[in-house]
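Colleague:
Residue numbers (the UniProt record's numbering): 1 to 261.
#1: Buried or exposed for residue 261, going by 16 or more other Cβ atoms inside 10 Å?
#2: Using C-beta distances below 6 angstroms, list every residue in its chain close to residue 169, excluding the 5 sequence neighbours before and after it, in chain order.
#3: Just tell me which of 124, 184, 167 and 101 has its CA closest to the CA of residue 207.
#4: Over the uninterrupted beta strand (DSSP E) stretch that includes residue 72, give me the two end residues.
#5: Quick one: what's got a C-beta closer than 7 angstroms to residue 156's C-beta in the same chain, skipping five residues either side?
#6: Exposed or buried, residue 158, counting other C-beta atoms within 10 Å across all chains shown (16 or more means buried)?
#7: If I follow the unbroken beta strand (DSSP E) through residue 61, where does it start and stop?
#8: For the candidate residues 214, 54 and 192, whose alpha-carbon lies nearest to that of residue 184?
#9: Can you name the residues that DSSP bridges to residue 253?
#10: Alpha carbon to alpha carbon, how far is residue 30 from residue 250?
#11: Would you call the CB atoms of residue 195 and residue 230 closer than 8 angstroms?
#12: By alpha-carbon positions, which one of 28, 121 and 114 ends up nearest to residue 217?
#13: Using CA coordinates, which residue listed in 204, 238, 257 and 226 is at the minimum distance from residue 232?
#14: Helix, strand or coil, according to DSSP, for residue 120 in the structure here?
#15: Taking 8 angstroms as the threshold (C-beta atoms), are residue 102 and residue 141 in contact?
#16: Would you mind working out which of 257, 114 and 165 sits nearest residue 187, comparing C-alpha positions?
#17: Looking only at DSSP bridge pairs, what is residue 163 linked to?
#18: Please classify residue 62 as buried or exposed, where buried requires at least 16 other C-beta atoms within 10 Å of its C-beta.
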C-alpha cells in the first residue's frame with residue numbers, strides 16, 4: 001500500500017467520524033490489508049487530528065481479554081489514541097447525536113509518573129512508574145457498518161476510540177491488587193456486566209507493559225503524565241437514548257452518566 005492510499009484511507013475514516021456516518025470496512029476493498037499497513041493508516045489519522053489542533057491525552061489498549069484475542073486470532077492486544085476532544089467530565093451527558101452506535105465498557109486507567117521505554121518492560125516496571133490509577137469508562141464507536149470489522153480494520157480506525165470519562169478520584173497504586181479489583185456495570189440500575197482487573201491480560205499492568213514494548217518497535221515510549229486506558233474489565237454494552245450508566249470499582253470509586261440525544 002502506497003503513501004497516497006494510506007492518506008486516502010485515513011481521510012475516509014476521519015470523515016466518517018466527523019460526519020457521524022458508518023462506512024464499509026476497509027478490508028472489503030483491500031482484503032490483503034496487513035496489520036502493519038493498518039497501523040500506518042492509524043498513524044496518518046492521528047497526524048490529521050494533531051494537525052487540526054487536537055492533543056493526545058494518552059494511548060489506549062484494545063482486545064485485552066483472552067477471549068477477544070482468541071476470537072480475533074491475535075497474539076497481542078492492539079492500541080489506539082485518546083484525544084482531548086474525546087474527554088467528557090464526570091457527570092457530563094453523552095450525546096448520541098455526536099456518535100454512530102456507541103458502546104460502553106469499564107476500565108482501569110493508569111497515570112504515569114515516569115517515562116516507560118521498552119523493550120523489556122515488565123509489570124513491575126509499570127507499577128513502579130505509575131503515579132495513580134483511576135476508574136474510567138470508555139465509549140467505543142466503530143466507524144464501520146454494524147460494528148463489524150477485521151483486525152486491520154479496527155486498528156486503522158484508531159481502535160474505535162470515541163469518548164472517555166475519567167474519574168476525578170485518583171488513587172496511589174501501592175498495595176492495591178489491581179487484578180482483584182471487582183467492577184460492575186449497570187444500565188438503568190440493571191446489572192449488565194461484571195469483571196475483575198485480571199480480565200485485562202491477567203493484570204492491568206501487563207497491558208501497559210505490552211504497550212510500552214509494542215511502541216518500542218517504533219522507537220516510541222510512554223511518557224510521564226499520560227493517561228493510559230488498559231482495556232475493558234467488562235464487556236461492552238450498546239447505549240440508547242435515556243440510559244443511565246453506573247459503574248463501580250471496588251476500592252477505587254464509581255462513575256455515572258446519562259445518554260441524551
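Idealized CB from N, CA, C, for every residue including glycine. Bear in mind that the values here come from a model prediction, so they are computed numbers and not experimental data.
Modeller: On the basis of the coordinates in this document:
#1: Classified as exposed, residue 261 has fewer than 16 neighbouring CB atoms from the shown chains inside 10 Å of its CB.
#2: Same-chain partners within the cutoff: 253.
#3: The candidate whose alpha carbon is nearest that of residue 207 is 124.
#4: For residue 72, there is no enclosing beta strand (DSSP E), as DSSP marks it with neither H nor E.
#5: Contacts found: 9, 13, 26, 38, 41 and 42.
#6: It is buried - the Cβ of residue 158 has at least 16 other Cβ atoms within 10 Å.
#7: Counting along the chain, the beta strand (DSSP E) containing residue 61 begins and ends at 56 to 62.
#8: Relative to the Cα of residue 184, the nearest Cα in the group 214, 54 and 192 belongs to 192.
#9: In the DSSP assignment, the residues bridged to residue 253 are 249.
#10: Using only the alpha carbons, I get a separation of about 44 angstroms.
#11: No; because the gap between Cβ atoms is not below 8 angstroms, this pair is not in contact.
#12: If we check each option's Cα against that of residue 217, 121 comes out closest.
#13: Of the residues 204, 238, 257 and 226, the one whose Cα lies closest to the Cα of residue 232 is 204.
#14: Residue state, collapsed to three classes: coil.
#15: The answer is yes: Cβ separation under 8 angstroms.
#16: Ranking the options by Cα distance to residue 187, first place goes to 257.
#17: For residue 163, DSSP records a beta bridge to 139.
#18: The Cβ neighbour count for residue 62, taken over all protein chains shown within 10 Å, is at least 16; the residue is labelled buried.
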